[in-house]
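Visitor:
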Amino acid sequence: MLVSSKPESEDGVTVPSSTEPLVDFHFPEDLTDFYPKTTREKIETNVAAIRLVKSLDQSGRFPTLEEQDLLAKYVVRWLGWLSQ
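Residue numbers (full-length UniProt numbering): 1 to 84.
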């Protein structure tokens, strides 16, 4: 959960600091090329996702659609590794 020092609206929802519209992430129908293939690509994606989460947390903003794409690769892949 992101914590922001931004003011809350009347319904208690934190107002995002970004001027970009919020967009829900949806996985592509064809996942063939969605996930990294090599071990190196997987590690680089994980490191990038961790850095992104830290940055989002510090700035108190929500991820863009492109950033959501990166975060989706991190979460789903780890769940896949746990089942192997």
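Where a beta carbon is used, it is the ideal one built from N, C-alpha and C, also for glycine.
Taking Ser55 as the reference, which of Leu71, Pro36, Lys42 and Thr32 has the closest Cα?
Guide: Leu71
Visitor: Distance check for Val23 and Ser59, CA to CA, integer angstroms please.
Guide: Each residue's Cα considered, the two are about 18 Å apart.
Visitor: Quick one: is Pro63 buried, meaning 16 or more other Cβ sit within 10 Å of its Cβ, or exposed?
Guide: Under the 10 Å beta carbon count, Pro63 is surrounded by 16 or more other beta carbons and is classified as buried.
Visitor: Give the range of the alpha helix (DSSP H) segment to which Val47 is assigned.
Guide: Thr39 to Ser59
Visitor: Classify Glu29 as helix, strand or coil using the three-state DSSP reduction.
Guide: coil
Visitor: Using the three-state DSSP reduction, which class does Asp69 fall into: helix, strand or coil?
Guide: helix
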